[in-house]
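Written below as structure tokens is the structure these notes are about.
2 protein chains.
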Amino acid sequence: MNQPKEVRTGGRSARVQESIHSAVRQLLKEHERANVTVPMVATLAGVTPSTIYRRWGDLNVLLADVALERMRPDTEPLATGSLRGDIQAWAEQYLDEMNSEPGRNMMRDVQSSPTKGTCVQILGAQLRIILERHRGHVDQLPDIDRLLNVIVAPVVFRILFAEAPLTLEQLNEQIDLALGQ
Amino acid sequence: MNQPKEVRTGGRSARVQESIHSAVRQLLKEHERANVTVPMVATLAGVTPSTIYRRWGDLNVLLADVALERMRPDTEPLATGSLRGDIQAWAEQYLDEMNSEPGRNMMRDVQSSPTKGTCVQILGAQLRIILERHRGHVDQLPDIDRLLNVIVAPVVFRILFAEAPLTLEQLNEQIDLALGQ
């Protein structure tokens, strides 16, 4: 009983987490998110509500955790043959995904997460894959923070706080600016 | 009874709105926001809950409305004598304000607003005042969207989704980029 928590990940604890995540995903398909409760998740996952409260504290943190997990892309960014092309394909897909109902919900949930920094890590990892493909073939690679600040940030900002999302033309202007073109 | 709603603004309707806004501001000082309810606001403002539901639909929209109202700055942006200086002073103050507990709450509320575009309008109006000061003295003025996308967006994005806000150094890099320097 004195084992540190980490020892248990990968075993029972990982299975419990997966069944709770999976219950949340299923409930979000069938219900308005405002109607989903911790007891509903617990019943469907076959655990007690206190298991959920102990691990996540409250429902918002659990939803944020599921949202972050969903954010991890299944596939590598598309390879188009050029740095500009790879970034553009990735950014257009990102704009498209975030500008959807699930994308907006995900952004809302992730803001409640105590580990919201994971968001930038996941995006940064995707961009790093693209940059590494072109290392040695491009004079000067932009840094990840520049790409996040100049391309990702306005996509997210406009979706959350403006009347309309970035147009593809505006997105391309931001890409040019980030790549110094 | 057939008068259009607009006729009444500025009179009784404006006074009712102000007393409801003021009740919200007072309650948010005294309570956790999760504990503030429509009946509490109604009691303090001296109206019935249905007055609030009729006008705002639900508490989130009312909170968003109050947050947008608070966002309107009381004063013009500081005049430092140069375009770069004015933008920098404004951006540093904006970063500071948004990176506070009230700033974060405001951003969270505004996202629920059906008129969240007001956010970009208010920021745009402030930036326009700065640009107009320097019209004729600067070769080419940047456009407002460029300033919003390159300076404001990463400030907001990093506060909401990263481990840490932009540093002043990073903010200055964004300002240089936006001004083409």
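Protein chains in written order, with the numbering used here: chain A, 142 to 322; chain B, 142 to 322. Beta carbons: idealized from backbone N, C-alpha and C, even for Gly. Since the model is a prediction, treat every value here as computed from it, not as a measurement.
Checklist entry - Under a Cβ-count criterion, where at least 16 other Cβ atoms within 10 Å of its own Cβ denotes burial, should S241 (chain B) be classed as buried or exposed? => result exposed
Next on the checklist: The alpha helix (DSSP H) that contains I285 (chain B), what's its start and end?
Outcome noted: 285-288
Checklist entry - P243 (chain A) CB to nearest chain B CB: under 7 Å? => result Residue-level contact check: P243 (chain A) does not touch chain B, since none of the beta carbons of chain B fall below 7 Å from its beta carbon.
Item to check | Beta bridge counterpart(s) of R276 (chain A) as assigned by DSSP | outcome: A:V279
Item to check | is_contact[G187 (chain A), chain B] using C-beta, thresh 7 Å | outcome: no
Checklist entry - So, using beta-carbon positions, are F298 (chain B) and K257 (chain A) closer together than 7 Å? => result no
Next on the checklist: Among the candidates A:Q158, A:I193, A:W231, whose CA atom is the shortest distance from the CA of L219 (chain A)?
Outcome noted: A:W231
Item to check | Which of helix, strand or coil DSSP assigns to N246 (chain A) | outcome: helix
Checklist entry - Residues in its own chain within less than 7 Å of P214 (chain A) by CB, not counting five upstream and five downstream? => result Q267
Next on the checklist: Taking a contact to mean a Cβ-Cβ separation below 7 Å, would you say L272 (chain B) touches L264 (chain B) in this structure?
Outcome noted: no
Checklist entry - What does N240 (chain A) touch in chain B if you count any residue whose Cβ is under 8 Å from its own? => result What N240 (chain A) touches in chain B, judged by beta-carbon distance under 8 Å, is nothing: the nearest beta carbon there is about 14 Å away.
Checklist entry - Whose C-alpha, out of A:T216, A:M248, A:I300, is nearest the C-alpha of L204 (chain A)? => result It is A:M248.
Checklist entry - Along chain B, which residues have their Cβ under 9 Å away from the Cβ of V261 (chain A)? => result F298, R299, F302, A303, E304
Next on the checklist: What residue range does the alpha helix (DSSP H) around S154 (chain A) cover?
Outcome noted: 153-171
Item to check | Contact residues within the region 205-236 of chain B, judged by C-beta distance below 7 Å to chain A | outcome: none
Next on the checklist: In whole angstroms, give me the CA-to-CA distance for S154 (chain B) and A164 (chain B).
Outcome noted: 15 Å
Checklist entry - Can you tell me the Cα-Cα spacing of P255 (chain A) and S223 (chain A), whole angstroms? => result 37 Å
Checklist entry - According to DSSP, is V177 (chain B) helix, strand or coil? => result coil
Checklist entry - In terms of alpha-carbon separation, which member of B:L289, B:R196, B:R211, B:G187 lies closest to V160 (chain B)? => result Just to set this straight, residue 160 (chain B) is Ser in the shown sequence, not Val. S160 (chain B) has its Cα closest to that of B:G187, out of B:L289, B:R196, B:R211, B:G187.
Checklist entry - So is P190 (chain B) in contact with chain A if we call contact Cβ pairs under 7 Å? => result no
Checklist entry - So what's Q315 (chain B) in DSSP terms, helix, strand or just coil? => result helix
Next on the checklist: Just to confirm my understanding: we take D317 (chain A), look at its own chain, exclude 5 residues before and 5 after, and list those with CB closer than 6 Å. What are they?
Outcome noted: Within the same chain, D317 (chain A) has no close Cβ partners at all.
Next on the checklist: Please tell me whether K257 (chain B) has its Cβ less than 7 Å away from any Cβ of chain A.
Outcome noted: yes
Next on the checklist: Using only the alpha-carbon positions, how far apart do R156 (chain B) and V182 (chain B) sit?
Outcome noted: 15 Å
Checklist entry - Cβ of A294 (chain A) less than 7 Å from any chain B Cβ? => result yes
Checklist entry - Ends of the alpha helix (DSSP H) at A208 (chain A)? => result For A208 (chain A), the uninterrupted alpha helix (DSSP H) run begins and ends at 200-212, by DSSP.
Checklist entry - Going by beta carbon distance, what residues of the same chain come within less than 7 Å of L309 (chain A), once the five residues before and after it are set aside? => result E233
Next on the checklist: Against chain A, does N313 (chain B) count as a neighbour if the rule is that its beta carbon must be under 7 Å from one of theirs?
Outcome noted: no
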